[in-house]
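First comes the structure, then the notes that go with it.
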Amino acid sequence: MGENDLVPSATDDPRRSFALDVVRRLQESGHRALWAGGCVRDLLIGLEPSDYDVATDAPPERVMQLFRRTVPVGINFGVVRVLGPRPAGEVEVATFRSDGAYLDGRRPETVAYSSPEEDASRRDFTINGMFLDPIRGDVIDFVGGRLDLQAGLLRAIGDPAARFAEDKLRLVRAVRFASRFGLRIEAETSRALGAMAPQVTVVAAERIAQELRKMLAHPSRAAAMRVLMEAGLVAEILPELVPLVGRPAGLVSRPGDDLWDHTLGVLDALPHDLSFPLGLAALLHESGTAAGGPGEPDAVDRVADRLKLANAERERASWLVRRHRDLREPGSLPTARLKRLLAEPGIGDLLTLHRADAVAAGDPADHVDDCERYLRDEPDGPIRPDPLLTGKELKQIGLPPGPAFKAWLDRAYDAQLEGKIADRDQAIAWVLRQSAPGIPPQA
Numbered sequence: 001m002g003e004n005d006l007v008p009s010a011t012d013d014p015r016r017s018f019a020l021d022v023v024r025r026l027q028e029s030g031h032r033a034l035w036a037g038g039c040v041r042d043l044l045i046g047l048e049p050s051d052y053d054v055a056t057d058a059p060p061e062r063v064m065q066l067f068r069r070t071v072p073v074g075i076n077f078g079v080v081r082v083l084g085p086r087p088a089g090e091v092e093v094a095t096f097r098s099d100g101a102y103l104d105g106r107r108p109e110t111v112a113y114s115s116p117e118e119d120a121s122r123r124d125f126t127i128n129g130m131f132l133d134p135i136r137g138d139v140i141d142f143v144g145g146r147l148d149l150q151a152g153l154l155r156a157i158g159d160p161a162a163r164f165a166e167d168k169l170r171l172v173r174a175v176r177f178a179s180r181f182g183l184r185i186e187a188e189t190s191r192a193l194g195a196m197a198p199q200v201t202v203v204a205a206e207r208i209a210q211e212l213r214k215m216l217a218h219p220s221r222a223a224a225m226r227v228l229m230e231a232g233l234v235a236e237i238l239p240e241l242v243p244l245v246g247r248p249a250g251l252v253s254r255p256g257d258d259l260w261d262h263t264l265g266v267l268d269a270l271p272h273d274l275s276f277p278l279g280l281a282a283l284l285h286e287s288g289t290a291a292g293g294p295g296e297p298d299a300v301d302r303v304a305d306r307l308k309l310a311n312a313e314r315e316r317a318s319w320l321v322r323r324h325r326d327l328r329e330p331g332s333l334p335t336a337r338l339k340r341l342l343a344e345p346g347i348g349d350l351l352t353l354h355r356a357d358a359v360a361a362g363d364p365a366d367h368v369d370d371c372e373r374y375l376r377d378e379p380d381g382p383i384r385p386d387p388l389l390t391g392k393e394l395k396q397i398g399l400p401p402g403p404a405f406k407a408w409l410d411r412a413y414d415a416q417l418e419g420k421i422a423d424r425d426q427a428i429a430w431v432l433r434q435s436a437p438g439i440p441p442q443a
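Okay, so the sequence shown: first residue is 1 according to full-length UniProt numbering, each after it adds one.
Here it is, written out as structure tokens:
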């Protein structure tokens, strides 16, 4: 922890510049102020922090005196948000503190302002328990986080069971940090994680969902899900996935894989950047739909209900799971059905899922190439144009209103997509021919 141990290099990042200004202002006002937590970890491993937190001996009232634009987001815990210029965002400034008992499994009942060393000891993992003086370049490490980073270890600070008991979400965060940074979970921490996994169910669903979003958004998503399963957390959070373990995938090129192996392979084959619904669909695509029988929600719906996901996330992921096998042989699909599918708003994600599925199975992705080629080369105008016929025209030609209306409209639209009819008059003539006595409508 010597002088100029880690002086942040010059950067055009306005967030870093503002975070440096906050520390400088506090120090020039006679206070100790340090960057804290994840931003220090990221700088040590060569990553650009997504945000910066500051820890200081200044109480929150003093912080609000020193900075013009502040929001007391957690003043009972000594936390104030300092707002910077628009490109710089904001910096969370927290007073060094020690925590009292955690009775709700998330927050301490009381806090007391304290020292940097006591503040470090209350944090979750050693890699998140370090401080950095960005002016002097000193790394202040009371918990051995730097050595653990060098050794590739994720270790809880102090007693792992106590740290997990304070906030059960740390059980899931341990997996996310370990997978994201390529760390092994230290033995004692791992034992506590496995023993306490069933307690994760006390965590608010929204908090677990947010951790899942972060895991699936990162390229290490397959590793995260593997560790989540090994730790026993999948059984509590996503029990739909447990039956995949040991169930043969039936892959010719990978005869030893079970469906869980294949699911991890699909996650691994996805592009680095992806939407959460696509990641969720890839995770659940082998768990099946309507698993409980008629009227029962499918796997996505059960997960969405449990984790209180947004309706848009639920609908897109559910659509992807339902449709993930539809394009196996696009040449065998009727033209109208293929066009309807390719015109869906989620077709980009569906093709991405299909390609990852093929890669994980060791199969060619010709079906995806065919669809992408069709989208690129074939359409002359909208791939899914407005229908030529509506119910109004059907009434005009004498068809009685009723349930058959939709079937006739669907058949007419299919004929339109297949190029059999090109204008309204042709569409009306087609319906008149098709609606001759003895020819029932078919959806």
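The C-beta atom is built at its ideal place from N, Cα and C for all residues, glycine as well.
Q) Do you know offhand how far Trp430's Cα is from Ala412's? A) Ala412 has its alpha-carbon roughly 8 Å from the corresponding atom of Trp430.
Q: Note down, one range per segment and in chain order, each alpha helix (DSSP H) of at least 4 residues found wholly within the segment 1-78.
A: Correct list: 14-28, 38-44, 60-66.
Q: Could you say which of Val245, Leu341, Pro219, Lys308 lies nearest to Met229 if we only look at CA atoms?
A: Distances from the alpha-carbon of Met229 to those of Val245, Leu341, Pro219, Lys308 put Val245 closest.
Q: State the Cα-Cα distance for the pair Pro334 and Asp301, rounded to the nearest angstrom.
A: Those two C-alpha atoms are separated by around 29 Å.
Q) Once you ignore the five residues that flank Leu264 on each side, which residues in its own chain have a CB closer than 7 Å to its CB? A) Residues Ala222, Met225, Arg226 of the same chain have their beta carbon placed closer than 7 Å to that of Leu264, with the five preceding and five following residues left out of the count.
Q: Please classify Glu92: does DSSP put it in a helix, a strand, or coil?
A: Judged by DSSP in its simplified three-state form, Glu92 adopts strand.
(Q) Would you call the segment 390-402 in contact with the segment 354-370, where contact means no fewer than 3 C-beta pairs closer than 8 Å? (A) Short answer: they don't touch.
Q: Kindly indicate the opening and closing residues of the alpha helix (DSSP H) around Leu228.
A: For Leu228, the enclosing alpha helix (DSSP H) covers residues 221-230.
Q. Excluding five sequence neighbours on each side, which residues of the same chain lie with their C-beta closer than 6 Å to the C-beta of Gly78?
A. Cβ neighbours of Gly78 beyond the five flanking positions: Pro60, Ala94, Thr95, Arg97.
Q: Using the Cα positions of Ala290 and Glu240, report the straight-line distance between them to the nearest angstrom.
A: Bear in mind that the predicted position of Ala290 carries a pLDDT of just 34, short of 50, making it unreliable; the figure below should be weighed with that in mind. Each residue's alpha carbon lies about 12 Å from the other.
Q: Within its chain, find whatever has a CB closer than 8 Å to the CB of Gly194; leave out the 5 residues flanking it on each side and keep chain order.
A: Contacts found: Ala231, Gly232.
Q) Closest by CA to Asp410, which one among Asp425, Leu375, Gln434? A) With distances taken between Cα atoms, Asp410 lies closest to Gln434.
Q: Could you name the residues that DSSP lists as bridge partners for Ile185?
A: Paired residues: Leu154.
(Q) Please give me, in chain order, every unbroken run of the alpha helix (DSSP H) with length at least 4 that falls completely inside the segment 301-363. (A) The qualifying runs are 311-323, 335-342, 347-361.
Q | 6 Å CB neighbourhood of Arg15 in its chain, flanking five on each side removed | A | So the qualifying residues of the chain are Ala88, Gly89.
(Q) With H, G and I counted as helix, E and B as strand and the rest as coil, what does DSSP make of Leu212? (A) In the displayed model, Leu212 falls within a helix according to three-state DSSP.
Q | Contact between the segment 173-189 and the segment 273-285 (3+ Cβ pairs under 8 Å) | A | The segment 173-189 makes no contact with the segment 273-285, as fewer than three CB pairs between them are under 8 Å.
Q) Looking at Glu344 and the ligand GDP, is the gap between the Cβ and the nearest heavy atom below 6 Å? A) As presented, the structure is devoid of all ligands, the ligand GDP included, so that no description of it is given.
Q.
DSSP three-state label for Ile140, please.
A. Strand, per DSSP.
Q | Cβ neighbours of Ala205 in the same chain (closer than 7 Å, five flanking residues each side left out) | A | Cβ neighbours of Ala205 beyond the five flanking positions: Arg306, Leu307, Lys308.
Q) If you compare alpha carbons, which of Glu313, His272, Trp319, Ala312 is closest to His285? A) For the residues Glu313, His272, Trp319, Ala312, the minimum Cα distance to His285 belongs to Trp319.
Q | In DSSP terms, what Val82 is bridged to | A | BP columns for Val82 point to Thr70, Val91.
Q: Could you tell me whether the segment 50-60 touches the segment 141-149, using the rule of 3 or more Cβ pairs below 8 Å?
A: By the C-beta criterion, the segment 50-60 is judged not to be in contact with the segment 141-149, since fewer than 3 inter-stretch pairs fall below 8 Å.
Q | Cross-strand partners of residue 444 (DSSP beta bridge) | A | The requested residue 444 does not occur in the structure, where the chain is confined to residues 1 to 443.
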